[in-house]
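Taken in order, the sequence shown gives residues 17 to 252; the numbers are from the numbering used here.
Using N, Cα and C, we set each Cβ at its ideal position, and we do this for glycine too.
Each remark here refers to the structure printed beneath this line.
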Amino acid sequence: MTITRQTILLILMLCFLASGGFYYVFIHPLAGEQEKLQEDLKRERQFVTALQKASQEKKTNGEIRFPPDFQYRIPEAPYLEQLMLDMTRVETISGVEMDGIGLSDGGRQEEGGAQQQQEQEIQFTPIGGAPQGQNGAIPGLKRVSITTKIKGNYEQIHRFFAEVLSLPRLIRVEQVKLSAGGKDDFIFLNPQEDKRKELSAEVTLSAYYAPKLKQYFPQPLPIITPQPAHRSNPFY
């Protein structure tokens with residue numbers, strides 16, 4: 017059987033088309049994947065180089081960098097005056113009536129309380145309990161205890177705690193003893209009827225500071241005071 021020239025050309029064309037199809041179906045995707053892997057490898061190498069550079073600079077300089085607002089959250093000193101100003105501002109914003117503010121810093125008592133010579137270690141108990149073998153103590157962390165008694169309706173007291181927790185300083189609500197009409201019984205609030213009922217609450221808060229951070233914060237925090245009202249008559 018004689019194979020004609022046209023048949024040979026047709027076979028060659030089919031082989032060429034088959035080779036091209038094989039390339040685009042199998043080889044071309046692999047080439048694209050290889051290029052993508054090379055780009056990923058390049059980015060990973062740049063990331064590793066940056067980490068190595070940062071680690072080397074840290075070893076060379078011996079510096080520890082904190083977030084910009086870290087000193088406001090946990091300062092190096094108690095800053096009792098700032099705490100007093102902050103609590104006064106919270107009273108004004110929330111609308112509650114605050115019956116005095118007591119600040120206790122370790123062995124020092126601001127409002128004539130007995131001086132305590134023993135320094136307590138700060139303990140934190142996470143939800144579910146502390147892990148086995150850990151007591152939840154944070155070394156170097158000191159506490160300022162804030163005690164006060166407030167009066168107001170439900171919305172005002174709720175706003176009071178919302179403002180306290182939104183302060184720049186890290187503050188923890190330790191205890192709240194709520195009463196209505198001088199009674200400490202269980203209080204049930206009806207949103208439609210009792211939302212304006214006057215309540216009173218004995219509140220204990222804790223603010224924290226770390227004296228060991230003083231070496232990292234050589235500049236003390238500025239005391240933030242209320243802006244002047246620029247009134248010509250102080251009585252209105």
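Note down the Cα distance separating residue i from residue j, rounded to an integer number of angstroms.
i, j, result
"Cys31", "Thr20", "17 Å"
"Gln116", "Gly156", "Residue identity check: residue 116 is Gly in the sequence provided, not Gln. For Gly116 and Gly156, the distance between alpha carbons rounds to 29 Å."
"Gln98", "Ser195", "29 Å"
"Met103", "Val112", "11 Å"
"Gln54", "Phe86", "40 Å"
"Ile240", "Met100", "11 Å"
"Ile109", "Thr65", "50 Å"
"Ser222", "Glu51", "57 Å"
"Leu181", "Ala217", "17 Å"
"Leu237", "Ile90", "11 Å"
"Gln191", "Arg185", "18 Å"
"Arg263", "Arg212", "Any answer about residue 263 is impossible in this case: the structure gives the chain only from 17 up to 252."
"Gly168", "Gln231", "43 Å"
"Ile187", "Gln235", "22 Å"
"Leu183", "Phe176", "11 Å"
"Phe233", "Leu96", "18 Å"
"Lys193", "Val219", "7 Å"
"Ser120", "Thr164", "12 Å"
"Gly128", "Gly118", "Interpretation of Gly128 is limited by its pLDDT of 39, a score under 50 that renders its predicted location unreliable; the figure taken from the coordinates is listed afterwards. Each residue's Cα considered, the two are about 9 Å apart."
"Val189", "Lys228", "24 Å"
"Pro84", "Glu92", "14 Å"
Specify the secondary structure class of residue i as computed by DSSP and reduced to three states.
i, result
"Ser182", "coil"
"Thr164", "strand"
"Leu119", "strand"
"Glu113", "strand"
"Leu194", "strand"
"Thr241", "coil"
"Leu96", "helix"
"Leu157", "coil"
Applying the criterion that 16 or more other CB atoms from any shown protein chain within 10 Å of the CB defines a buried residue, is residue i buried or exposed?
i, result
"Glu107", "buried"
"Gln132", "In this prediction, Gln132 scores a pLDDT of 40, lower than 50, which makes its location untrustworthy; the coordinate-derived value is nonetheless stated afterwards. Gln132 is exposed by the Cβ-count criterion."
"Thr23", "exposed"
"Ala178", "exposed"
"Ser35", "exposed"
"Leu215", "buried"
"Leu33", "exposed"
"Pro94", "buried"
Return the bridge partner residues of residue i from the DSSP annotation.
i, result
"Leu221", "Ile162 and Val189"
"Ser35", "In DSSP, Ser35 forms no bridge with anything."
"Ile30", "Inspection of the sequence shows that residue 30 is occupied by Leu rather than by Ile. Partner(s): none; Leu30 has no beta bridge."
"Leu215", "Gly168 and Ala196"
My guess is that residue i and residue j are in contact by the Cβ rule of under 8 Å, so how many angstroms apart are they, rounded?
i, j, result
"Tyr224", "Arg159", "6 Å"
"Ile173", "Ile162", "Wrong, their Cβ atoms sit about 16 Å apart, outside the cutoff."
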